[in-house]
Structure formats: C-alpha cells, structure tokens
Amino acid sequence: MSQLYDTPWSPTTEQAPFSPASAFSVLSPITPRPDGAMRLDSINPVSEHDDAGYIATHAYGGPYQPVLPEDEYDPSPKDDGYNLKPLGYHLPPDEEADIANVYRAERHRVMGPSPRMSINLVGGFDADEFRPSSTATLISRPASIHFPPPPENSFLVTIGPDDSRHPYNWSMAKKWTVLIVVCSAAVCVTVASSIQASTYENLEDEFDMPRIQAVAGVSLYVLGFGIGALFLGPLSEFYGRSIIYLVSFALFTVFNIPIATAQNMGIFLLFRLVTGLCGAGFLSVAGGTVSDMFRPGTTDLPTAIYTLAPLSGPCLGPILGGYMNQNMNWRPIFYLIIGWGAVEFALLFFLVPETFLPIVQKREARRMRADTGEGMWTSPAENSGRTVSDVFPGALWVPIKLMAVEKMALAMDTWTSLILGIIYLFFNAIPYTFRTLYGFNLGETGLAFFALLLGMVLGTATQPFFISRIKDKGLKSGSKPAPETRLTVGMAGAILSPVGLLWFALSSFSKMPWIMPMIGTLIFGVGSVYIFTCVFGFLVATYPKYAASAMAGNTLLRCVWAAGFPLFALPMYEALGPEGATGLLAALCAMLAPIPFVLARIGPRLRAKSEYAS
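Numbering (full-length UniProt numbering), first residue to last: 1 to 614.
Here is the structure:
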C-alpha cells in the first residue's frame, strides 16, 4: 500500500457538483522524488500531460497526498496500458461525507507519470468501500484494474450544430438583433461614402480647388472599401467577427474627426481613404455573420436584407447631406457620421457577440482553462497551428487568381462592378440632371435619390418570390438546387437595369415632368438589387470552398470600378447631356445582360471543368 502524507483537504464553498459525464484524476503536478517514486499531489479533474509532463491543478484539491513508488505500476506486455496495484487513501471522519458525495458511483481516472501509465477506476467510492477506523476511513480499490490510456482529445472543446452554444441555436430574436445591428452599421459606413457628394461646392470654395479633387474624396473612400476587404476578411478568420467589428468601427469613428476638422485638402483626402479601409469590415465580414447564425437553407431572407444594407446607404447619403449642406457648412455632415459611429459602436459592443464557430470554441476552451485550472483544455483552432502569416498570401492571391482563371467569376464580378459604378456615378449625374433641367436646389436634389432607394427596397421585398422558386426546384429534383437556379433573379435584373436607365435617358428633357426620370431610377434600383442577390448567391454556391475568396475578389473589383466612375461622371454628362450619357450606360448594361442566360446553359459544363467550382 502507498505511503500516506498528512496534508488535509477542505472542500471550498465554490465546489461544483460532480457530473457523471466528467472524470477525476489523482495527480497534479507529477514531481520526481529522490527515491524514484512519483508524488501525486491531489485529486483533480482528469487531464492529459503537457510537454513538460505535468497535469494542471484544480481548486477542489485532494483528500491526502499519497506517494506511489514506481513498483506499484505493473506494465502490461500486451498494450500501452498499465496495471495499478492496490491503492488506498486515509480520510478524516469529518470529511468522509464530503468525499463520498463527490465520488459516489462516479468514474475517476488514475493517471501515471506518463500518458502510457494511465488507468480508469470505474464505479466510484460506494458506501461499502469506506472502512472506519479510530482516526480515519480507508478507501481501498481492487488490485490490478486495467484500462487503456485516455484518448488524446479528452480536452478538445468542440461545439456541434445541436449544441445550445452554437449560433445556429440562438433564439430568432437574438439572431435578428445581431443582423439588424450589423446591417445598420453597414448602412452607416456606406452613407459616409456618398454623403460627401453634397459638399462638393462648399469644399471647392473653402479649399480653392477644382471639382475633381472634391470628387476624389468619394473615390478614395470607395477604393478603401475594396482594399480593406482583402485584409479584414482573413483577419476575422483568426480573431473573430466581433473584434473586427469593434476595432474597425472604433477606428472608423475616430478617423472621421480629422476629416471634420481638416484645414487642408490633403488631410481630408488622406483620412477619407483611411476611413474607407476601416469601414470595409462590414462589406467583407458581415456576410459571414449571416452564414454563422442561420443554417443552410434558411439564409435567403437574411442575405437579401444584408445585401440591401450596403446598397441603400449610398442612396441615403445624398438625402441626408442635401438639406444639411444647403443650410450649414460641410463640417456638421461629418460630425453626424462621428455621432452615428459612436452609437453603432455601442450597439456592436453590447448586442453583437462572437458568431464565428472556431472562435466561439476557442473562447470556450479559454473559459474552461480559467474555471478548472486545467491548462490542457484546447480547441481545434488552437491545435491547427496556423498563423495569420500562413494564410495571408493565399487570402490576397486566390481572389485575384479566381478572377483571372474562372470565366464565371470574372463575368459575375464585371457585372456587379458596372452596376455599382453606375450607382456611384449617379452621385454626380442625378444632381446635374435635376438641377439643370428642373432647377432643383441642393435639398431637393438629394430627395431625387429617394426613388433609387425605394426601388432597392421593392427589389428586396420581392425576393421571396424568387426564393420560393429556387426551393421548389430543389424539392422537385430531390437534391440541393444547382447554383444555376440562383440565376433566375439575375435574369430579371438583367432586363430591368438597362430598361430603367433607358427610361431615365428618354425622359431627361425639361418638357417631361420630373417624376419621369425618377421612375427610371426606381426601375434601375429594383434591377440592381436583383443582380447583386443573384451574383452573391451564385458565387457562394459555385465556389463553396473558396466562397470567401470569391466574395473578396468581387468586392475588390466592384469597389475599384465604383471609385473610378465618379471621376468622369460630370465631364461625361456635360459633354453628352443627361440623355446621351445615361443612354450610353443603358447600352453597357444591355451588353452584359446575357450573362445570367448564358451561364444558365453552360454553367454546369464550366463547373465540371473548373479546378475551384463545386
């Protein structure tokens, strides 16, 4: 029998009930002794050895500290397990009940000085195993009980799809609260992109500069969107969605202060680029938040709403900025963005928890280590060994490679790039048209964007019609709908977008009532939402393994186009007139309109030949 030490143990008031699903160990840490024995310090929750050969301690402590000489372990010739010879503990009478309550009819594990010297003792300490004596109770176990070593993943924290901690299983109220807050933040950063369009004249007067420099503020901001999306997306895979939201939005809010207080155009333009970089998180990360919370097959409506958010923001910017800039200086517009950003940051901090499952598991493992004192708890993300530097080269290169070698990705990216470029071109085209033809003031010109916004809302509201058609096709085929089924909504958008622009062009005459060109922008708004919904859904369904890269490439290309279009918008409209310039845009849209129809026919063949497609 083992030598026993007289080190008492007292259970703490914080001791939790022992769960039948858990296991206990009788060592931590393992320290060599001069006589070659191993000292087993306490009864603790079972854990695995780390590289140094120690076991983490636990606040529960142990009843006594036995020393087991090495000859108490009898190696088995058949496998890696070890037999343990008779083992006993002395317990003071006043602590017998506490120990019995904890260990009765439970499983505990005796760990040897290495992972190979490990056995399980099953059954716990029942009443008949306590033998009273004058000073203590002896707990004995049978001799030579043999079990295999513990599995290597005993302390791996995983959260399955049916676990209550999985974002899939949050309440609908919580999911939609998170979605609404994230979408409102996306609206905020995109409003900031276009709200400057109403300040061009004031900026020209204050800084004595040409119009193109004022327009460059919008272009640099949108360019920041595209560049930032390439970096913030991969960072969210390592640090989580919530930390990217909080850090990027805090920087976005703070860096708008130099814009509002700028005394020269250099500072103004520099921080417009920087704030665009910071705001890009809601274009590259928020889509992942939707897929984190909603199970496959239930993401259509949340995705449609999220798609609307960054598209509606640019329309709201001129509406808010028009009347503000008409009645005051340009600076209060950016103070509005600062205040709005502060409110959004608070909402993100209090209402948006982490949704990315690997990070949720990582935080749960960290909590287990803190609560139990067991340093062996870990998560798959921590065990992967990957670092940011390992992934960044691929994260930056794969989106560009997809556009270069994948015809479907390039076609879809070009299509959305043209549509977003036209939306940002309208920030110059609509004010020029309505002020020139109808004499609108700055505030009234801003209201002209309301028709474009209304069209986008109507496009989102009619999404369920197309969603139901996609689901019906899946039910009829008895399998998951092919990516080409998502092209149906794009076909409608391919027709409506050039029709809306052509309507705008043909009605851009002073003899026409002002409502007529607005109807054209409304039709274009409906079509643009359909196109974006189609492209986003098609890219994710076609490249499921590379969905993040496909979306990052799409964001980069369309933001580059959107950054360039405002720079030539005013010269083009002054040279060709509203009817000629908008007619040219309608022709460009019509040239790309066959894309969804062609892919519906040849998409399966292209996917079969593709290295990246499903």
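For glycine and all other residues, C-beta sits at the position ideal for the given N, C-alpha and C. Note that the coordinates shown come from a computational prediction; the quantities given were computed from them, not determined experimentally.
Checklist entry - So what's THR299 in DSSP terms, helix, strand or just coil? => result Here residue 299 refers to the residue found at position 299 of the sequence shown. If DSSP states are grouped into helix, strand and coil, THR299 belongs with coil.
Next on the checklist: Rounding to the nearest angstrom, what Cα-Cα distance links GLY394 and VAL178 in this structure?
Outcome noted: Stepping through the sequence shown from its first residue, residue 394 is reached at position 394. Stepping through the sequence shown from its first residue, residue 178 is reached at position 178. Their Cα atoms are separated by approximately 30 Å.
Checklist entry - Is ILE244 near VAL181, with beta carbons less than 8 Å apart? => result Indexing the sequence shown from 1 puts residue 244 at position 244. Indexing the sequence shown from 1 puts residue 181 at position 181. Their beta carbons are not under 8 Å apart, which means ILE244 does not touch VAL181 by this criterion.
Next on the checklist: Relative to the C-alpha of ALA216, which candidate in GLY266, LEU556 and GLY160 has its C-alpha closest?
Outcome noted: By 1-based counting over the sequence shown, the position of residue 216 is 216. When only C-alpha atoms are compared, the closest one is GLY266.
Checklist entry - Taking the alpha helix (DSSP H) that residue 615 falls in, what are its first and last residues? => result Because residue 615 is not part of the residues shown, which for the chain are 1 to 614, the question remains open.
Next on the checklist: I'd like to know whether the C-beta atoms of PRO234 and VAL391 end up nearer to each other than 8 Å.
Outcome noted: Here residue 234 corresponds to residue number 234 of the sequence shown, with the count starting at 1. Here residue 391 corresponds to residue number 391 of the sequence shown, with the count starting at 1. Cβ atoms of PRO234 and VAL391: closer than 8 Å.
Checklist entry - PRO161 to ILE359, Cα distance in whole Å? => result Residue mapping note: residue 161 aligns to position 161 of the sequence shown, counting from 1. Residue mapping note: residue 359 aligns to position 359 of the sequence shown, counting from 1. Rounded to the nearest angstrom, the two C-alpha atoms are 15 Å apart.
Checklist entry - Roughly how many whole angstroms lie between the Cα atoms of ILE430 and THR462? => result What you label residue 430 is simply residue 430 of the sequence shown in a count that begins at 1. What you label residue 462 is simply residue 462 of the sequence shown in a count that begins at 1. The alpha-carbon atoms of ILE430 and THR462 are separated by roughly 26 Å.
Checklist entry - What residue range is occupied by the uninterrupted alpha helix (DSSP H) comprising GLY527? => result Within the sequence shown, numbered from 1, the residue matching residue 527 stands at position 527. Note, GLY527: alpha helix (DSSP H), 515-542.
Checklist entry - What whole-angstrom Cβ distance do PHE538 and MET456 have, given they're in contact under 8 Å? => result One-based indexing of the sequence shown puts residue 538 at position 538. One-based indexing of the sequence shown puts residue 456 at position 456. In fact, because the Cβ distance is near 19 Å, the residues do not count as touching under 8 Å.
Item to check | Straight-line Cα distance separating GLY313 from ALA600 | outcome: Residue numbering aside, residue 600 sits at position 600 when the sequence shown is read from its first letter. Residue numbering aside, residue 313 sits at position 313 when the sequence shown is read from its first letter. When rounded, the distance between both Cα atoms is 31 Å.
Checklist entry - Which one or two residues does DSSP pair with THR378 in a beta bridge? => result Taking the first residue of the sequence shown as position 1, residue 378 is located at position 378. DSSP output for THR378 lists LEU156 as bridge partner(s).
Checklist entry - Grouping DSSP H, G and I as helix and E and B as strand, with all else coil, what is ALA494? => result Working through the sequence shown from its first residue, we reach residue 494 at position 494. Helix, per DSSP.
Next on the checklist: Measuring CB atoms only, is the region 494-514 touching the region 544-556, in the sense that at least three cross pairs come out at less than 8 Å?
Outcome noted: no
Checklist entry - Can you tell me whether DSSP reads ASN383 as helix, strand or coil? => result The residue labelled residue 383 in the question sits at position 383 within the sequence shown. Helix.
Checklist entry - Among ALA590, SER389, ARG369 and ASP163, which has the Cα closest to the Cα of PHE524? => result In the sequence shown, residue 524 corresponds to position 524, counting from 1. Comparing Cα-Cα distances from PHE524 to each of ALA590, SER389, ARG369 and ASP163, the minimum goes to ALA590.
Checklist entry - How would you write the range of the alpha helix (DSSP H) that ILE195 sits in, first residue to last? => result If you number the sequence shown from 1, residue 195 lands on position 195. Per DSSP, ILE195 belongs to no alpha helix (DSSP H) and is neither H nor E.
Next on the checklist: Assuming contact is defined by CB atoms lying nearer than 8 Å, are THR354 and ARG241 in contact in what I supplied?
Outcome noted: As a first step, residue 354 must be located in the sequence shown, where it is residue number 354. As a first step, residue 241 must be located in the sequence shown, where it is residue number 241. In the sequence as displayed, the identity of residue 354 is Glu instead of Thr. A contact, by the Cβ cut-off of 8 Å.
Checklist entry - How far does the alpha helix (DSSP H) with ASN554 in it reach, from first residue to last? => result Translated into positions along the sequence shown, residue 554 becomes position 554. For ASN554, the enclosing alpha helix (DSSP H) starts and ends at 547-592.
Item to check | Endpoints, alpha helix (DSSP H) assigned at ALA214 | outcome: Reading the sequence shown from its first residue, position 214 is the one you call residue 214. Taken as a continuous stretch (DSSP letters only), the alpha helix (DSSP H) holding ALA214 covers 211-239.
Item to check | As assigned by DSSP and simplified to three states, the class of TRP176 | outcome: Translated into positions along the sequence shown, residue 176 becomes position 176. Three-state DSSP puts TRP176 in a helix.
Checklist entry - Which whole-angstrom value describes the C-beta separation of ALA346 and ALA186, a residue pair presumed to lie in contact below a C-beta threshold of 8 Å? => result Taking the sequence shown and counting its residues from 1, the one referred to as residue 346 is at position 346. Taking the sequence shown and counting its residues from 1, the one referred to as residue 186 is at position 186. The pair is not a contact, with the Cβ atoms about 16 Å apart (cut-off 8 Å).
Next on the checklist: Using 8 Å as the cut-off, can you tell me whether the region 555-573 makes contact with the region 415-434, which would need three or more C-beta pairs spanning the two stretches below that distance?
Outcome noted: yes
Item to check | Through-space distance from THR190 to MET516, alpha-carbon basis | outcome: Counted from its first residue, the sequence shown places residue 516 at position 516. Counted from its first residue, the sequence shown places residue 190 at position 190. Spanning the two alpha carbons is a distance of roughly 27 Å.
Checklist entry - CA-CA distance, GLY520 and TYR335? => result On the sequence shown, residue 520 is found 520 positions in, with the first residue counted as 1. On the sequence shown, residue 335 is found 335 positions in, with the first residue counted as 1. Going from the Cα of GLY520 to the Cα of TYR335 covers about 33 Å.
Item to check | Identity of the residue in GLU344, ARG607 and ALA494 nearest ALA586 by Cα | outcome: Stepping through the sequence shown from its first residue, residue 586 is reached at position 586. For ALA586, the nearest C-alpha among the options comes from ALA494.
Next on the checklist: So the candidates are PRO578, ALA552, PHE465 and LEU496; which of them puts its Cα closest to the Cα of THR436?
Outcome noted: If you number the sequence shown from 1, residue 436 lands on position 436. Measuring from the Cα of THR436, the nearest candidate turns out to be PRO578.
Next on the checklist: Can you give me the C-alpha to C-alpha distance between ASP41 and GLU374, rounded to a whole angstrom?
Outcome noted: Working through the sequence shown from its first residue, we reach residue 41 at position 41. Working through the sequence shown from its first residue, we reach residue 374 at position 374. A caution first: ASP41 carries a pLDDT of 35, below 50, which makes its placement in the model too unreliable to give a value.
Checklist entry - Which of the three DSSP states, helix, strand or coil, is assigned to PRO353? => result Position 353 of the sequence shown, counted from the start, is the residue given in the question as residue 353. Looking at PRO353 - three-state DSSP - the assignment turns out to be coil, as it is neither helix nor strand.
Checklist entry - Using a Cβ-Cβ cut-off of 8 Å (strictly less than) and excluding sequence neighbours within five positions of SER614, which residues of its own chain qualify? => result Numbered from its first residue, the sequence shown carries residue 614 at position 614. The answer, listed in chain order, is PRO483, ALA541, THR542, TYR543, PRO544, LYS545 and ARG607.
Checklist entry - Roughly how many whole angstroms lie between the Cα atoms of ALA409 and ALA370? => result Sequence index remark: in the sequence shown, residue 409 carries index 409 (1-based). Sequence index remark: in the sequence shown, residue 370 carries index 370 (1-based). C-alpha separation (whole angstroms): 46 Å.
Item to check | CA-to-CA distance, LEU223 to ASN383, given in whole angstroms | outcome: The count along the sequence shown starts at 1 and reaches residue 383 at position 383. The count along the sequence shown starts at 1 and reaches residue 223 at position 223. ASN383 and LEU223: Cα-Cα distance of roughly 37 Å.
Next on the checklist: Excluding the 5 residues flanking GLU364 on each side, which residues of the same chain have their C-beta closer than 8 Å to its C-beta?
Outcome noted: Residue 364 sits at position 364 when you count from the first residue of the sequence shown. Contacts found: VAL157, ILE159, ARG165 and SER379.
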